[in-house]
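Structure, as structure tokens:
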Amino acid sequence: MANLRSHRNWFFLVSLFLSLSQKVICYQYKVGDLDSWGIPTSANPQIYTKWSKYHNIRIGDQLLFFYPPSQDSVIQVTEESHNSCNLKDPILYMNNGNSLFNITKNGVFFFTSGEKGHCEKKQKIRISVGNETAFSPSYGPSALPDSASSPSYPTVFGSIPAPPSSSPSLGLSVFIAAGIGFVASSFLSGMM
Numbered sequence: 000m001a002n003l004r005s006h007r008n009w010f011f012l013v014s015l016f017l018s019l020s021q022k023v024i025c026y027q028y029k030v031g032d033l034d035s036w037g038i039p040t041s042a043n044p045q046i047y048t049k050w051s052k053y054h055n056i057r058i059g060d061q062l063l064f065f066y067p068p069s070q071d072s073v074i075q076v077t078e079e080s081h082n083s084c085n086l087k088d089p090i091l092y093m094n095n096g097n098s099l100f101n102i103t104k105n106g107v108f109f110f111t112s113g114e115k116g117h118c119e120k121k122q123k124i125r126i127s128v129g130n131e132t133a134f135s136p137s138y139g140p141s142a143l144p145d146s147a148s149s150p151s152y153p154t155v156f157g158s159i160p161a162p163p164s165s166s167p168s169l170g171l172s173v174f175i176a177a178g179i180g181f182v183a184s185s186f187l188s189g190m191m
């Protein structure tokens, strides 16, 4: 009987491992890619609108704001403060030059520079996570030039990853693993 219990425990652990071995991938995105976090240039004034459009941010991902700490900062603000460039009472203030923001829930997140005058020069970004729309009214698709159909700048971490398809292959693999586990369990039980 003790031998049967050890086989059942082994089967349970293998089944648990197979069911939990689903693919989990989180990314760290450098906001602005090569341009980092700073006042947009006249050559690329819509960089943050384009950037947020072409990055599919998900729960578990991180946003990296990279900037010279003596010259800039980043603050998380409300939508109203984002639209009006109000720097008072931020939700979160980061000023170390290598600021990470962890995405822990779906929703819309608003960031701007904490330095006076930078927000008015379009150093602000709206990040949508989940089913939220990617653009605010002031930065809608009509505000983008026709050349915005693809990013005009290279990305630091390679090509932008394509979102996983919603194919049933993951559910099927779990079902197959459970079936194999059931057959193996039945076989081992029959041997005892």
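Sequential numbering of the sequence shown, starting at 0, is according to numbering that gives the first Met the number 0. Glycine is no exception: its CB is placed at the ideal position from the N, C-alpha and C atoms. Please read these numbers as outputs of a predicted model, since none were measured by experiment.
When secondary structure is reduced to three states using DSSP, serine 112 falls in the strand class.
Bounds of the alpha helix (DSSP H) holding tyrosine 47 are 46-52.
The three-state secondary structure of asparagine 43, taken from DSSP, is coil. Counting along the chain, asparagine 82 sits inside the alpha helix (DSSP H) bounded by residues 78-83.
Cβ neighbours of glutamine 70 within its own chain (closer than 7 angstroms, five residues either side excluded): none.
Annotated three-state conformation of isoleucine 74 is strand, per DSSP.
Contact check for phenylalanine 64 and valine 107: beta-carbon distance about 17 angstroms, past the 8 angstroms limit, so the pair fails to qualify.
Shown here, leucine 63 sits in a strand according to DSSP, grouped into three states. Here leucine 33 carries a helix assignment [DSSP, helix/strand/coil]. Sequence-distant Cβ neighbours of lysine 115 in its own chain, meaning closer than 8 angstroms and more than five residues away, are Leu86. The segment 115-126 makes contact with the segment 32-48, as at least three CB pairs between them are under 8 angstroms. Within the same chain, and ignoring the five residues on either side of asparagine 95 in sequence, the residues whose Cβ sits closer than 8 angstroms to its Cβ are Pro68.
As computed with DSSP, glutamine 122 is found in no beta bridge at all. Looking at the DSSP output, leucine 99 bridges to Leu63.
For glycine 129, the CB contacts under 6 angstroms within the same chain, skipping 5 residues up- and downstream, are Asn105 in chain order. If you look at leucine 91, you'll find it in the beta strand (DSSP E) that goes 91-93.
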